[in-house]
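Participant:
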Amino acid sequence: MSPVAPPPLSEAGTALVAEVISRLQGVVPEDRRPALLHEPSLRGTRAWEYTRECLDSNWISTAGAFVERFERQLAEITGAADAVAVVNGTCALHLALEVGGVEPGDEVLCPAISFVATANAIRHAGALPHFVDVEEGTLGLDPEALERRLEEVAELQRDGCRNRVTGRRLKALVPVHVFGNPCQIERLVEIAARWRLEVVEDSAEALGSWRDGRHPGLFGRVGILSFNGNKIVSTGGGGALITHDPELARRARHLSTTAKRPHPWEYEHDAVGYNYRLPNPNAALGCAQLEVLDQLLELKRTLANRYVAALEGLDGISVFPEPAGTRRNEWLVALVLDAPDMALRDALLAALADAGLQSRPVWKPLHLLAPYRDAPRGPLPVTESLHARVINPPSSASLVGEVSAPPQRPPSDDANGSRP
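Note that my numbering gives residue 288 to position 290 of the sequence shown, counting from 1, and the numbers run on in steps of one.
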């Protein structure tokens, strides 16, 4: 049963909830209920084989062949010049902000609709999030709202961009590709360049998405990916920086390995670094799934299309459409109510739980969370509207089918290989 009693609804709202449940039960097979929001896709891959290789070889820490293989696969898939694997997406974003030049006391512009890690990573870097509204068409940062906010509070000085109100430096912009939907990143990058802001893309949810033939995370100097337990590719916990800048990648890799300089025996550290590198067994899980990423993306697109067909012609709710000029990864399907209605949203969530369909609302906007209520922000009307309208239903690829590993295993690496 649902843990929270649904609020009272109008007759029309009650009828809509019943109809939505009836239609979505046709999408998720009865033998797959209760269905989780999103679960890893390991069956059919070489995950067990690769993990056992780590155990048999005793390479279970951050050194080992699978870490480097995982980075090479990520670079090849995204088109990046380099990828740096770390323990999770939050650490990846923190590290990307630091190598991107963000310093304590800076402000970093970002959307108020995102997982809390976006704001947390900014705080871990000693900076403050500065929230800007999102747009209906992508769920990402609204270029027009960004322009208005910068014109309202920012001014260019000799040392960069400053907030006239707070006196703090406005150093960076963190666009987020929400649910794998690429935002209008080209326009955001252009605005950032005019205001001398570094762009650090939060592409945590966007592995396998594309905008105008380019992968999210590669429109600015650096972007990040996440491989948390609920992502399309999961390493249990994991993340990565992707970039075309070799010096930025070198510095990120160095800092993520406690800033230790290579030496046969001395422990020489030339900066304040972090113990952020991804362990070999986790990377092995990622390698096995990256081999079948194309299959996973097709299964998820099939599932998303089934949701679209199921709700076709129903007034009051629809599947969030794919932004123009993009091919999203369909990480989490988003259902959107036509109008903000918290009572209807919560009643629908309760009914979905009762039906064995684990679902969730969009994250609570960051400016409403206790740690960030006093953070600087512009007007957020679209953010607050979407908070009362968006629901994610079960989105696992396994609801459609299973993957199968390629017939030939990739050439074996040196099981004891490691990067200095």
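C-beta atoms are modelled at their ideal positions from N, C-alpha and C, and glycine is treated no differently.
CA-CA distance, residue 297 and residue 143?
Facilitator: A direct Cα-to-Cα measurement between residue 297 and residue 143 gives close to 35 Å.
Participant: Quick check: residue 485 and residue 302, are their CB atoms within less than 7 Å of each other?
Facilitator: In the structure as shown, the chain starts at -1 and stops at 418, and residue 485 therefore has no counterpart that could be examined.
Participant: Determine the DSSP secondary structure at residue 367, reduced to helix, strand or coil.
Facilitator: coil
Participant: DSSP three-state call for residue 312: helix, strand or coil?
Facilitator: coil
Participant: Once you ignore the five residues that flank residue 34 on each side, which residues in its own chain have a CB closer than 6 Å to its CB?
Facilitator: 356
Participant: Going by C-alpha distance, which of 375, 308, 401, 184 is nearest residue 152?
Facilitator: 375
Participant: Between residue 421 and residue 210, what straight-line distance do the alpha-carbon atoms span, to the nearest angstrom?
Facilitator: Past the edges of the chain, shown from -1 to 418, lies residue 421, and the structure says nothing about it.
Participant: List the DSSP bridge partners of residue 83.
Facilitator: 238
Participant: Please confirm if residue 102 has its CB atom under 7 Å from at least one CB of chain D.
Facilitator: This model lacks chain D altogether; it includes just one protein chain.
Participant: DSSP three-state label for residue 261, please.
Facilitator: coil
Participant: What three-state label does DSSP hand residue 362 in the structure shown?
Facilitator: Looking at residue 362 - three-state DSSP - the assignment turns out to be coil, as it is neither helix nor strand.
Participant: Thinking C-alpha only, which one of 27, 61, 29, 309 is nearest residue 279?
Facilitator: 61
Participant: Would residue 32 be called buried (16 or more neighbouring beta carbons within 10 Å of its own) or exposed?
Facilitator: exposed
Participant: Is the stretch 235 to 243 close to the stretch 78 to 88, with three or more CB pairs under 8 Å?
Facilitator: yes
Participant: Once DSSP output is grouped into helix, strand and coil, what is the label at residue 326?
Facilitator: coil
Participant: Could you tell me the boundaries of the alpha helix (DSSP H) in which residue 252 lies?
Facilitator: In the DSSP assignment, residue 252 falls within the alpha helix (DSSP H) that extends over 244 to 254.
Participant: Would you tell me roughly how many angstroms separate the C-alpha atoms of residue 350 and residue 22, rounded to the nearest one?
Facilitator: Straight-line Cα distance between these residues: approximately 9 Å.
Participant: My output table needs one value for residue 152: the three-state DSSP class, helix, strand or coil.
Facilitator: strand
Participant: Hey, how far is the Cα of residue 204 from the Cα of residue 55?
Facilitator: 33 Å
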